[in-house]
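Everything below concerns the one structure shown next.
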Amino acid sequence: VVLRNNHCHDNARWGIFTAYAEGILIEGNITSFSGIEHGVYVSNSSDNPVIRRNVVHNNARSGIQINAVPALPGDGIISNAVVAENVIYANGADGAAGINLASVTNSLVANNLLFDNLATGIAGWDDDFSPAFGTHDNIIVFNTVYQASNGRWALSLLNGSHSNVVRNNVLLHPGT
Numbered sequence: 034v035v036l037r038n039n040h041c042h043d044n045a046r047w048g049i050f051t052a053y054a055e056g057i058l059i060e061g062n063i064t065s066f067s068g069i070e071h072g073v074y075v076s077n078s079s080d081n082p083v084i085r086r087n088v089v090h091n092n093a094r095s096g097i098q099i100n101a102v103p104a105l106p107g108d109g110i111i112s113n114a115v116v117a118e119n120v121i122y123a124n125g126a127d128g129a130a131g132i133n134l135a136s137v138t139n140s141l142v143a144n145n146l147l148f149d150n151l152a153t154g155i156a157g158w159d160d161d162f163s164p165a166f167g168t169h170d171n172i173i174v175f176n177t178v179y180q181a182s183n184g185r186w187a188l189s190l191l192n193g194s195h196s197n198v199v200r201n202n203v204l205l206h207p208g209t
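Counting in the working numbering, the sequence shown runs from 34 upward without gaps.
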């Protein structure tokens with residue numbers, strides 16, 4: 034499945050939502066002003082997604098949310114994801130990261146520009162099921178994250194997030 038060059042604006046819940054979509058390519062889209070949740074949401078054990086060259090802004094929750102949701106059918110893991118070359122800004126007024134990774138493994142987050150997000154810039158976590166479902170064994174490189182002065186952390190890896198490589202990123206927070 035390829036979702037390319039779409040403009041998703043003023044959606045009630047999500048700009049782009051997928052579930053159990055193996056090998057999906059989400060490329061060159063603009064997703065903005067989703068009123069309840071995320072600009073792009075890849076969910077439910079969807080391995081090998083590629084999310085690149087999108088502009089994602091002013092969504093109530095995450096700009097890009099990748100969440101395997103271990104409580105639902107499937108293995109509860111999203112692996113081999115690529116999140117690259119996206120521009121992600123002014124998301125998270127209702128408290129979710131610019132890039133939110135839950136139960137994401139063996140993936141690449143690279144060359145993204147994130148700025149003025151109101152919650153965390155890039156976040157990894159485990160959905161509170163088990164450390165087995167944590168965000169681990171990922172490579173997070175060459176991203177620029179400039180947080181809103183009233184935002185949270187530029188990078189947060191919690192609850193079962195281990196063995197991630199974080200290198201050559203610019204992580205800035207101008208607030209306290």
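All C-beta atoms, glycine included, are put in the ideal place defined by N, C-alpha and C.
Exercise for the section: Rounded to whole angstroms, what's the CA-CA distance from W47 to Q98? Just pull it up for me. Expected result: Whole-angstrom Cα-Cα distance: 10 angstroms.
Practice task
Give the secondary structure of F50 by DSSP, where H, G and I count as helix, E and B as strand, and everything else as coil.
Solution key: In the structure shown, the three-state DSSP call for F50 is strand.
Exercise for the section: Would you identify the three-state DSSP class for F166, choosing helix, strand or coil? Expected result: Look at F166 here: in three-state DSSP terms it is helix.
Practice task
Answer with buried or exposed for E55, where buried requires no fewer than 16 other C-beta atoms within 10 angstroms of its C-beta.
Solution key: Per the 10 Å Cβ criterion, exposed.
Exercise for the section: Find out if the Cβ-Cβ distance for the pair G109, G131 is shorter than 8 angstroms. Expected result: No, these two residues do not count as a Cβ contact at 8 angstroms.
Exercise for the section: Label H40 either buried or exposed according to how many other C-beta atoms from any shown protein chain fall within 10 Å of its C-beta, with 16 as the threshold for buried. Expected result: Burial check for H40: the Cβ neighbour count within 10 Å stays below 16, so the residue is exposed.
Exercise for the section: Run the CB neighbour count on V75, radius 10 Å, all protein chains shown included, and call it buried at 16 or more, exposed below. Expected result: Label assigned to V75: buried.
Problem - Given S10 as reference, the closest of L205, N202 and D159 once Cα atoms are compared - result: In the structure as shown, the chain begins at 34 and stops at 209. Residue 10 is therefore absent and cannot be evaluated.
Practice task
Compute the distance between the beta-carbons of L147 and G154, then report whether it is under 8 angstroms.
Solution key: Taking C-beta atoms as the reference points, L147 and G154 count as a pair closer than 8 angstroms.
Exercise for the section: Return yes when the Cβ of N91 is within less than 8 angstroms of the Cβ of N62, no when it is not. Expected result: No. Outside cutoff.
Practice task
Determine the direct distance from the alpha carbon of F66 to that of V35, and round the result to whole angstroms.
Solution key: In this model, V35 and F66 are separated by some 22 angstroms (Cα to Cα).
Practice task
Would you please state the rounded distance, in angstroms, between the beta carbons of L58 and N77? I believe it to be under 8 angstroms.
Solution key: About 17 angstroms separates the two Cβ atoms, so there is no contact after all.
Problem - Neighbourhood of S138 by C-beta, 6 angstroms cutoff - its chain only, sequence neighbours within 5 removed - result: Looking at the sequence provided, one finds Thr at residue 138 rather than Ser. Once the five neighbours on either side are set aside, the close Cβ partners of T138 are I110, S112, H169 and D170.
Handout entry: Beta carbon of N100 nearer than 8 angstroms to that of S136
Key = Taking the C-beta atoms as reference points, S136 is found nearer than 8 angstroms to N100.
Handout entry: Start and end residues, beta strand (DSSP E) containing V83
Key = DSSP places V83 inside the beta strand (DSSP E), whose first and last residues are V83 to R85.
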